[in-house]
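Chemist:
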Amino acid sequence: MNSRRKFVQKLTVGLAGSVLPAEAFSALTRPAFTSDDFWENVRSSFPLTKDRVYFNNGTSGPNSQRVVDKVIAKTNEFSISGEYGSTNTAREKLAAFVKVKTEEISLTHNTTEGINIVAWGLPLQKGDEVILTMHEHVGNALPWLNRAKLHGIVLKTFLPAQTAAENIGIIQKLISPKTRVIAIPHITCTTGLVFPVKEIAAIAKSKGIFTAIDGAHGAGTFDLNLKDLGCDFYATSCHKWMLGPSGTGFLYVNEKHLDTLQAYWVGAYSDNGWDINTPSPSFQGYVATAHRYDYGSQSAALFAGAEESVKFLEEIGMAKIEERIKALATHLQKGLTGLGSKIQMLTPLEAKSRISMITFKIEGTDFKEFNTIAAKNKFRIRVVPESNLNAIRISTHIYNSFEEIDRFVALVKTLV
Ligand SMILES: Cc1ncc(COP(=O)(O)O)c(C=O)c1O
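Residue numbers (the working numbering): 98 to 513.
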């Protein structure tokens, strides 16, 4: 055993199996991201059962113990004081997490809510075109389909290709003088394809087209800088890759679009003043920030949990997390493709077009049957019936290990 490994092990004695205090990550000498000592420590911060392997972060990310504790503590605190708390610091923390201004963040309950705010708020006319993929999650499909149904906008869809260059080319060909919005996911829920959002946003901007990104899988996966990405809107939730509480999410609205994106649902905190105690009621308009899109009481306890999840991720380091997520998924993809021709790999092989989720099919084994086999062998996976793919999706996050992936690949091997 080399000396650094011994040193790290010494440091971690007594921590394994216990809940790491907030300071623990910064106190640890961080080994290279490939060292499992560090990640075993991270794993021990999650109450997530070890009775099975959890490979479904793409649906729901388990919370670390400190996030759970924070929500409970805040719920207790508010119950004792009778106060309902505030979400102000959470809004600030979330904004800083994705490197935008606090004024550009609206707090939502989930990604779908953010997408609805954009889909309804943009000034679109009958015949205006919106570009989407044929691989949308219902959360990005239905808001736009609904607007198309009610207001006659036209949805133009495309089948995602395997490389960034091809996807850019396809989108460029779909753009017409009537295109007003490109409303695609950062990462598809079907095959885990990563779209080159920065390049697409630049093309859109040069043509006066809005980019509205479904970022359900982006926050907590990438070391995100939304200003650098250059999109106009980015909707996400805290309960997936950010490992935060269910019922928390946020929407980024570039400040230059605040007066373009109409707020339709308003209430307390959305306004700049109003008076109804008069025969001539008045409304002085919207608050100058993206707070205009969220209103009324929010769950301060849940958002305190979301804030805590950001602290947790930041203490580990988002660059390191992104690297680890990619390393795990790459290991899985290599393991599966190494099993031969009976594996149909649906996730792109191109490095920049994949990150956290691997989707595949096994010749001769139905995807639902495989789900049952996986469950019997203590793996929680997700099937992908969407877009008629009938495939298997594996998501891996920082609490997973290379060893779990090897065990999974060994299971698949018994079927090919
Ligand atoms: C790509 C994508 N978009 C949107 C959603 C909807 O997210 P939410 O449940 O937070 O509204 C999901 C959820 O799985 C998703 O995978």
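Ideal Cβ placement from N, Cα and C applies to all residues, glycine included.
The structure displayed is predicted, hence computed values, not measured ones.
Using the beta-carbon count (16 or more within 10 Å), is residue 483 buried or exposed?
Modeler: buried
Chemist: Residue 383 bridges to which residues according to DSSP?
Modeler: 368
Chemist: For residue 101, I'd like the list of residues in its chain whose CB is within less than 6 angstroms of its CB, leaving aside the five on either flank, ordered along the chain.
Modeler: Residue confidence for residue 101 is low, a pLDDT of 38 falling below 50, so the modelled location carries little weight and cannot support an answer.
Chemist: Run through the stretch 470-510 for me and flag every whole alpha helix (DSSP H) of 4 or more residues, listed as ranges in chain order.
Modeler: DSSP runs (the alpha helix (DSSP H)) wholly in the stretch 470-510: 499-510.
Chemist: Compare the Cα-Cα distances from residue 405 to each of 277, 461, 336 and report the closest residue.
Modeler: 336
Chemist: Ignoring anything shorter than 4 residues, give me the alpha helix (DSSP H) runs that lie fully in the stretch 307-332, in order along the chain.
Modeler: Those alpha helix (DSSP H) runs which fall completely within the stretch 307-332 and span 4+ residues are 323-326.
Chemist: With 16 as the cutoff for other CB atoms within 10 Å, does residue 357 come out buried or exposed?
Modeler: exposed
Chemist: When you compare each of 387, 137, 347, 273 to residue 353 by their alpha carbons, which one comes out closest?
Modeler: Nearest C-alpha to residue 353: 387.
Chemist: Would you check if the distance between the CB atom of residue 155 and the CB atom of residue 492 is smaller than 8 angstroms?
Modeler: yes
Chemist: Where residue 402 and residue 340 are concerned, what is the direct C-alpha to C-alpha distance, given to the nearest angstrom?
Modeler: 10 angstroms
Chemist: Specify the secondary structure class of residue 176 as computed by DSSP and reduced to three states.
Modeler: For residue 176, the three-state secondary structure derived from DSSP is helix.
Chemist: Would you tell me roughly how many angstroms separate the C-alpha atoms of residue 147 and residue 372, rounded to the nearest one?
Modeler: So the alpha carbons of these two residues sit roughly 57 angstroms apart.
Chemist: Relative to the alpha-carbon of residue 355, which residue among 362, 201, 224 has its alpha-carbon at the smallest distance?
Modeler: If you compare the alpha carbons of 362, 201, 224 with that of residue 355, the shortest gap goes to 201.
Chemist: Tell me which same chain residues have a C-beta within less than 7 angstroms of the C-beta of residue 257, skipping the five on either side of it?
Modeler: 230, 232, 264, 285, 290
Chemist: Mind checking whether residue 368 and residue 384 have CB atoms under 8 angstroms apart?
Modeler: yes
Chemist: What do you reckon, are the CB atoms on residue 151 and residue 504 nearer than 8 angstroms?
Modeler: no
Chemist: Within its chain, find whatever has a CB closer than 7 angstroms to the CB of residue 83; leave out the 5 residues flanking it on each side and keep chain order.
Modeler: Outside the displayed span of the chain (98 to 513) sits residue 83, for which this structure offers no information.
Chemist: Between residue 245 and the rest of its own chain, which residues show a CB-CB distance below 6 angstroms, the 5 nearest in sequence each way excluded?
Modeler: 252
Chemist: Bridge partners of residue 441, per DSSP?
Modeler: Note: residue 441 is bridge-paired with 458 in the DSSP secondary-structure output.
Chemist: Let's test the definition: count the other Cβ atoms within 10 Å of the Cβ of residue 280 and tell me whether it reaches 16, buried, or not, exposed.
Modeler: buried
Chemist: Which stretch, first to last residue, makes up the beta strand (DSSP E) that contains residue 346?
Modeler: 346-350
Chemist: Considering only C-alpha positions, which residue in the set 474, 481, 489 is nearest to residue 501?
Modeler: 474
Chemist: By DSSP, does residue 396 sit in helix, in strand, or in coil?
Modeler: coil
Chemist: Nearer than 7 angstroms: is that true of the beta carbon of residue 282 relative to any heavy atom of ligand 1?
Modeler: True, at least one ligand heavy atom lies under 7 angstroms from that Cβ.
Chemist: Is DSSP giving residue 240 helix, strand or coil here?
Modeler: helix
Chemist: Can you tell me whether residue 518 sits near ligand 1, meaning its C-beta is under 7 angstroms from at least one heavy atom of the ligand?
Modeler: In the structure displayed, the chain extends from 98 to 513; residue 518 sits before or after that span and is not available.
Chemist: Just to confirm before moving on: does the CB-CB distance between residue 182 and residue 365 stay below 8 angstroms?
Modeler: It is not a contact, given that the beta carbons lie outside the stated cut-off.
Chemist: Taking 7 angstroms as the cut-off, is the C-beta of residue 346 nearer than that to any heavy atom in ligand 1?
Modeler: yes
Chemist: To the nearest angstrom, how far is the alpha carbon of residue 173 from that of residue 342?
Modeler: When rounded, the distance between both Cα atoms is 16 angstroms.
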